[in-house]
Amino acid sequence: MSSEDALSRIEALVKNHEERIRLLEQHLSERRQAKGEEKTAAVSVSKTPSVRQFVVDKGPNDDVQKTLVIGYHLEKHAEYKSFNVKDIEKGFVDAREKVPGNVADKILKNVWKGHIMQVPEEKDGLKAYALTNTGTKLVETGFK
């Protein structure tokens, strides 16, 4: 077989593969439409930021502010109704931040500032907390 014949054969194979790929993409698109999905389903999915990225984006100055940011993330992005000390500790770990020696103290400092409040129900046998409107606004404005 000459090199021209080999090249022609390769070109024919490439065209065949391109046509098969086009047909597969068309078939998948039709299946998505039949299921009521959009072609851009991946684009339309809202991304929830990781706690790590959220802490980095908000730029808290100290462990008290980090505690508030993690609590905000738990409520707004992880959809917790309330959180406890263990949830905040896990948030520090997930954010790849050093866990403060006394997380309960950081929560209490936020309570004293009016950024977090204790809720009546316990969570997993521990005191439970939620953000106040003031705490929510503080995080949303970037601590300004």
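To convert, count from 1 in the sequence shown and add 1491; that's this note's numbering.
Glycine is no exception: its CB is placed at the ideal position from the N, C-alpha and C atoms.
- Task: Determine, using beta carbons only, whether Val1610 and Ala1621 come nearer to each other than 8 Å.
- Result: Reading the sequence shown from its first residue, position 119 is the one you call residue 1610. Reading the sequence shown from its first residue, position 130 is the one you call residue 1621. Contact: yes.
- Item | Proximity of Asp1548 and Pro1540 at Cβ, strictly below 8 Å | The residue given as residue 1548 occupies position 57 in the sequence shown. The residue given as residue 1540 occupies position 49 in the sequence shown. Yes; because the gap between Cβ atoms is below 8 Å, this pair is in contact.
- According to the Cβ coordinates, are Ile1593 and Leu1559 closer than 8 Å? To locate residue 1593, count along the sequence shown from 1; it is residue 102. To locate residue 1559, count along the sequence shown from 1; it is residue 68. According to the sequence shown, residue 1593 is Asn rather than Ile. Not a contact, by the Cβ cut-off of 8 Å.
- Limits of the beta strand (DSSP E) - the one that Lys1506 falls within: Locating residue 1506 in the sequence shown gives position 15, where the first residue counts as 1. Unbroken run through Lys1506 is the alpha helix (DSSP H), 1494-1525; no beta strand (DSSP E).
- Query: Buried or exposed: which applies to Phe1634, given that a residue is buried once 16 or more other Cβ atoms fall within 10 Å of its Cβ?
  - Reply: By one-based count along the sequence shown, residue 1634 stands at place 143. Counting Cβ neighbours within 10 Å, Phe1634 comes out exposed, since fewer than 16 surround it.
- Message: I'd like to check one pair, Gly1605 with Ile1579: are the Cβ atoms closer than 8 Å?
- Response: Position 88 of the sequence shown, counting from 1, holds the residue named residue 1579. Position 114 of the sequence shown, counting from 1, holds the residue named residue 1605. Their beta carbons are not under 8 Å apart, which means Ile1579 does not touch Gly1605 by this criterion.
- Query: For Gln1544, is the classification buried or exposed, using 16 other Cβ atoms within 10 angstroms of its Cβ as the cut-off for buried?
  - Reply: In the sequence shown, residue 1544 corresponds to position 53, counting from 1. Exposed, since its Cβ has fewer than 16 Cβ neighbours within 10 Å.
- Thinking C-beta only, is Lys1597 closer than 8 Å to Val1555? The residue given as residue 1555 occupies position 64 in the sequence shown. The residue given as residue 1597 occupies position 106 in the sequence shown. Yes; because the gap between Cβ atoms is below 8 Å, this pair is in contact.
- Message: Using the Cβ count rule (16 or more neighbours within 10 Å means buried), how would you classify Glu1566?
- Response: Residue numbering aside, residue 1566 sits at position 75 when the sequence shown is read from its first letter. Burial call: buried.
- Taking only the alpha-carbon atoms, compute the straight-line gap between Thr1531 and Arg1523 and give it to the nearest angstrom. In the sequence shown, residue 1531 corresponds to position 40, counting from 1. In the sequence shown, residue 1523 corresponds to position 32, counting from 1. Annotation note: pLDDT 48 at Thr1531 (below 50); position unreliable, coordinate value reported separately. Approximately 10 Å, taken between the alpha carbons.
- My understanding is that Val1590 touches Val1584, with C-beta atoms under 8 Å, so please give their C-beta distance in whole angstroms. Within the sequence shown, numbered from 1, the residue matching residue 1590 stands at position 99. Within the sequence shown, numbered from 1, the residue matching residue 1584 stands at position 93. Yes, Val1590 and Val1584 are in contact; Cβ-Cβ is about 6 Å, under 8 Å.
- If you draw a straight line from the C-alpha of Gly1626 to the C-alpha of Lys1572, how long is it? As a working mapping, residue 1626 is identified with position 135 in the sequence shown. As a working mapping, residue 1572 is identified with position 81 in the sequence shown. Distance between the alpha carbons of Gly1626 and Lys1572: 15 Å.
- Task: Could I get the ranges of all uninterrupted alpha helix (DSSP H) runs contained in the region 1543-1582, with 4 residues as the minimum, in chain order?
- Result: 1554-1567
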